[in-house]
Amino acid sequence: MSTSARPPAAVALLSLAVGIVLADSAIVTLALPSILREFDAEVSQVAWVLTGFNLVLAVTAVPAARLCTRGAAGWAGATGLVAFAAASAGCALAGSLEVLIGARVAQAIGGALVIASCLEMLVAVSEDERQGVARWAAAGVAGAAIGPVVGGLMTEAISWQSIFFVQVPLVLLALPVALALRTRVERHDGPADRPDIPANLALALVSAALTAALFLLVLLLVEGWRRSPALAAITVTAMPVAAVVAGPLAGRLRAGTRAEAIAGSILIGGGLACLGLLPDANPAWTVPAQILIGFGLGLTVDALTQSALRDRVPRAIHGGWTIAARHGGIVVGLLILTPIFTADLRDARVPAQEAIAAQVIDSDLPATSKLKLAEGLGEQLDAEEGQVPDLSSAFETAQLPASQSAQAAALEVRLDDQLERAATRAFRDAFLAAALLALLAIVPALFLRERGMRA
Amino acid sequence: MSARGLTLIAAALILSAALLAFQLVSGGADFVPARSADPCEDRDRAVKADLESVGEAVVLTGIDAAACELGVTRERLLLALPYPEERAALAREAGTDEAGLARAIHDGLRTGVDRLEDNDQLPTASALLPSIGDQLGIPQNLVDLVPDGVVDELVPTADVLRWAVDQIDVTAVLADLDDPDALEATLRDALVQGAVDEVRERIEEGLPGPLQGLLG
Numbered sequence: 001m002s003t004s005a006r007p008p009a010a011v012a013l014l015s016l017a018v019g020i021v022l023a024d025s026a027i028v029t030l031a032l033p034s035i036l037r038e039f040d041a042e043v044s045q046v047a048w049v050l051t052g053f054n055l056v057l058a059v060t061a062v063p064a065a066r067l068c069t070r071g072a073a074g075w076a077g078a079t080g081l082v083a084f085a086a087a088s089a090g091c092a093l094a095g096s097l098e099v100l101i102g103a104r105v106a107q108a109i110g111g112a113l114v115i116a117s118c119l120e121m122l123v124a125v126s127e128d129e130r131q132g133v134a135r136w137a138a139a140g141v142a143g144a145a146i147g148p149v150v151g152g153l154m155t156e157a158i159s160w161q162s163i164f165f166v167q168v169p170l171v172l173l174a175l176p177v178a179l180a181l182r183t184r185v186e187r188h189d190g191p192a193d194r195p196d197i198p199a200n201l202a203l204a205l206v207s208a209a210l211t212a213a214l215f216l217l218v219l220l221l222v223e224g225w226r227r228s229p230a231l232a233a234i235t236v237t238a239m240p241v242a243a244v245v246a247g248p249l250a251g252r253l254r255a256g257t258r259a260e261a262i263a264g265s266i267l268i269g270g271g272l273a274c275l276g277l278l279p280d281a282n283p284a285w286t287v288p289a290q291i292l293i294g295f296g297l298g299l300t301v302d303a304l305t306q307s308a309l310r311d312r313v314p315r316a317i318h319g320g321w322t323i324a325a326r327h328g329g330i331v332v333g334l335l336i337l338t339p340i341f342t343a344d345l346r347d348a349r350v351p352a353q354e355a356i357a358a359q360v361i362d363s364d365l366p367a368t369s370k371l372k373l374a375e376g377l378g379e380q381l382d383a384e385e386g387q388v389p390d391l392s393s394a395f396e397t398a399q400l401p402a403s404q405s406a407q408a409a410a411l412e413v414r415l416d417d418q419l420e421r422a423a424t425r426a427f428r429d430a431f432l433a434a435a436l437l438a439l440l441a442i443v444p445a446l447f448l449r450e451r452g453m454r455a
Numbered sequence: 001m002s003a004r005g006l007t008l009i010a011a012a013l014i015l016s017a018a019l020l021a022f023q024l025v026s027g028g029a030d031f032v033p034a035r036s037a038d039p040c041e042d043r044d045r046a047v048k049a050d051l052e053s054v055g056e057a058v059v060l061t062g063i064d065a066a067a068c069e070l071g072v073t074r075e076r077l078l079l080a081l082p083y084p085e086e087r088a089a090l091a092r093e094a095g096t097d098e099a100g101l102a103r104a105i106h107d108g109l110r111t112g113v114d115r116l117e118d119n120d121q122l123p124t125a126s127a128l129l130p131s132i133g134d135q136l137g138i139p140q141n142l143v144d145l146v147p148d149g150v151v152d153e154l155v156p157t158a159d160v161l162r163w164a165v166d167q168i169d170v171t172a173v174l175a176d177l178d179d180p181d182a183l184e185a186t187l188r189d190a191l192v193q194g195a196v197d198e199v200r201e202r203i204e205e206g207l208p209g210p211l212q213g214l215l216g
């Protein structure tokens, strides 16, 4: 089915809406440290800004899709777009963490309606079903991959609230398209096919692993290594760029859905293992690993989504299952990985303190200067309990004589190195656990039906 | 599965393994905080000819010896000392109590002096005289009047330090650790007292028997 209302513009606006909603699953990742500080919360509490959205999106995706199969995709889409926009404004204006999490939940409900309806509407404005589904899947992959980068840059340039403000007008651009298509989407009254369990299970596992790639990597860069959100955003750009390149590359290879899913899982697992075994705290070291993960993301998510939707009716419900699997996977990933790295971060404190103490004791500063520094360092470590401390203020307060500035500067570099080592080590187990989740996706991927080659 | 599919999987495996191997070769498994050194092993420690450096060397070598005896790292012991609760926890961990901890530190300081002496790392008293004079406010020209040989004969550094260590009430020092001024005064007094006692003993030993009671 096609529409007379300028299909290219309609495709672009609907794809933009899908991209924005799915970007929201991770768009606040780089803003989490700012939110954490603004609301004086803990990492485990702030994680609910991500978890709440993804959990509700996973739970509501299939019911929202059912609504769309009753021929109400246009209305459901319009309602979802308005609800999502209103909830986004609510997020931007939230005065407490509880209100922000509540607004994120409302965003997810609106988002579920947008995603499910856009699948139907994109098929309606495309030449064929396959093309419509491909556009819907591609918009989702692009949104999820680019989200953290955009969120990080906006947090650095303006504020975390700006992430949500800007979504309001952008998502409402699709509203006229949804209203124009309200009578043009097919109604499905027949029996529904069973969901593709291997594809959805693999999607859930890969998504759980990808959570680590985005959430943990960003936390490592910003909180662990104390790099700016803007630098972190630029650094994690490698992943979406690789994901975008991987799509067409896979199309040319024509290796088959199963092979793409397995190869993609291996690349994601390998990349995550590399992030767990970084030899330095230079962000450049994360780029090759991110490229592997990005290639894996481009190969798996697209292949698995296509596999889950191919020849299954009603399409919207199976689209809903893929969304439920992906975002359910993200929630499972957060629930598994957050306790691992928060516990490791807590356990890293003593070795880090001991390493810092050893560096101070063994430095070539006079004993009186060491004592002055030790006092300031101890206060700094106590003041920033649970977070990686900034030790520079201890050096400023110690007011060491100018004749010792070279030794003090060298010591500060060594102390920062020890902190970076401790932070990097604290993320290792979570990255390796995430790598395992990605490799586990190979098991259901082995059972994927091979249904011809990609176009 | 097609040949292209197998090739794609093989390429994914090779790429992942190659990057992982490269990172491991570059030290990926070793990018962790520095581990504390074994306190039971002697450290190569440079000791300058000033009182502060000697005091630091004695304390650190002594803390090493105490940590070795208690079965903990030097850093763990040093980080615990300023906090009574941490100190008590460390003492429990080492199977002793606060008095045992104080004893271990005292014995450690004695061992520290012995180690530094055995390793020829202690400067002579004459080399330390300028910084001692500076600490006690004695003018340099007066210090220069004392012949080095006499000083080194009267106050051998290691013996003075042993005297000083014996003067220190470790329990009291631990209680005052949060007051750097009090700590410094306690250590300085112990050192001066140690030097005076050592000189007195040497002079007494050098005097004929009937005169030995003159110094009280």
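Order-wise, the sequence lines are chains A and B. Position one of the first sequence corresponds to residue 1 (the UniProt record's numbering), numbered consecutively onward. Position one of the second sequence corresponds to residue 1 (the UniProt record's numbering), numbered consecutively onward. Note that CB positions come from ideal geometry on N, CA and C, so glycine has one too.
May I ask you to report which of helix, strand or coil DSSP gives residue i?
i: residue 26 of chain B; result: coil
i: residue 131 of chain B; result: helix
i: residue 372 of chain A; result: helix
i: residue 5 of chain A; result: Confidence is the limiting factor: at residue 5 of chain A the pLDDT is only 46, short of 50, which leaves the residue's position unreliable, though a coordinate-based value still follows. Reduced to three states, the DSSP call for residue 5 of chain A is coil.
i: residue 420 of chain A; result: helix
i: residue 94 of chain A; result: coil
i: residue 335 of chain A; result: helix
i: residue 447 of chain A; result: coil
i: residue 54 of chain A; result: helix
i: residue 452 of chain A; result: Low per-residue confidence applies at residue 452 of chain A: pLDDT is 49, beneath 50, and the placement is therefore not dependable, though the value from the model is reported in the following sentence. Correct three-state label for residue 452 of chain A: coil.
i: residue 215 of chain A; result: helix
i: residue 254 of chain A; result: coil
i: residue 42 of chain B; result: coil
i: residue 162 of chain A; result: helix
i: residue 63 of chain A; result: helix
i: residue 31 of chain B; result: coil
i: residue 269 of chain A; result: helix
At what residues does the alpha helix (DSSP H) containing residue i begin and finish?
i: residue 34 of chain A; result: 32–38
i: residue 203 of chain A; result: 197–211
i: residue 131 of chain A; result: 129–157
i: residue 1 of chain B; result: Taken as a continuous stretch (DSSP letters only), residue 1 of chain B belongs to no alpha helix (DSSP H), as it is neither H nor E.
i: residue 224 of chain A; result: Segment: none, residue 224 of chain A is in no alpha helix (DSSP H) and carries neither H nor E.
i: residue 218 of chain B; result: Beyond the ends of chain B as shown, which are 1 and 216, falls residue 218 of chain B; an answer cannot be given.
i: residue 84 of chain B; result: 84–93
i: residue 68 of chain A; result: No alpha helix (DSSP H) contains residue 68 of chain A, which DSSP labels as neither H nor E.
i: residue 236 of chain A; result: Note, residue 236 of chain A: premise wrong, no alpha helix (DSSP H); not H, not E.
i: residue 311 of chain A; result: Premise fails: residue 311 of chain A is in no alpha helix (DSSP H) and is neither H nor E.
i: residue 126 of chain A; result: Counting along the chain, residue 126 of chain A falls outside any alpha helix (DSSP H), and DSSP gives it neither H nor E.
i: residue 353 of chain A; result: 349–362
i: residue 25 of chain A; result: Careful: residue 25 of chain A lies outside any alpha helix (DSSP H) and carries neither H nor E.
i: residue 177 of chain A; result: 175–180
So with Cβ pairs under 8 Å, would you call residue i a contact of chain B?
i: residue 60 of chain A; result: no
i: residue 499 of chain A; result: Summary: the structure shown does not reach residue 499 of chain A, with chain A confined to residues 1 through 455, and so no result is reported for it.
i: residue 425 of chain A; result: yes
i: residue 270 of chain A; result: yes
i: residue 152 of chain A; result: no
i: residue 273 of chain A; result: yes
i: residue 66 of chain A; result: no
i: residue 452 of chain A; result: Since pLDDT at residue 452 of chain A reaches only 49, below the 50 mark, its modelled position is unreliable, and no value is offered.
i: residue 421 of chain A; result: yes
i: residue 455 of chain A; result: A caution first: residue 455 of chain A carries a pLDDT of 37, below 50, which makes its placement in the model too unreliable to give a value.
i: residue 398 of chain A; result: no
i: residue 80 of chain A; result: no
Rounded to whole angstroms, how far is the Cβ of residue i from the Cβ of residue j, which I believe are closer than 8 Å?
i: residue 60 of chain B; j: residue 77 of chain B; result: Their Cβ separation, rounded to whole angstroms, is 11 Å, which puts residue 60 of chain B and residue 77 of chain B out of contact at 8 Å.
i: residue 377 of chain A; j: residue 394 of chain A; result: 5 Å
i: residue 80 of chain A; j: residue 114 of chain A; result: 4 Å
i: residue 268 of chain A; j: residue 148 of chain A; result: No, residue 268 of chain A and residue 148 of chain A are not in contact; Cβ-Cβ is about 16 Å, not under 8 Å.
i: residue 193 of chain A; j: residue 313 of chain A; result: 6 Å
i: residue 292 of chain A; j: residue 15 of chain B; result: 6 Å
i: residue 469 of chain A; j: residue 120 of chain A; result: A question about residue 469 of chain A goes unanswered here, because the residues of chain A that appear run from 1 up to 455.
Please check if any C-beta of chain A sits within less than 8 Å of the C-beta of residue i.
i: residue 55 of chain B; result: yes
i: residue 34 of chain B; result: yes
i: residue 190 of chain B; result: no
i: residue 96 of chain B; result: no
Contact the segment 247–256 of chain A vs the segment 371–378 of chain A: 3+ CB pairs below 8 Å: no
Three-pair Cβ contact test at 8 Å for the segment 44–63 of chain A versus the segment 150–164 of chain A: no
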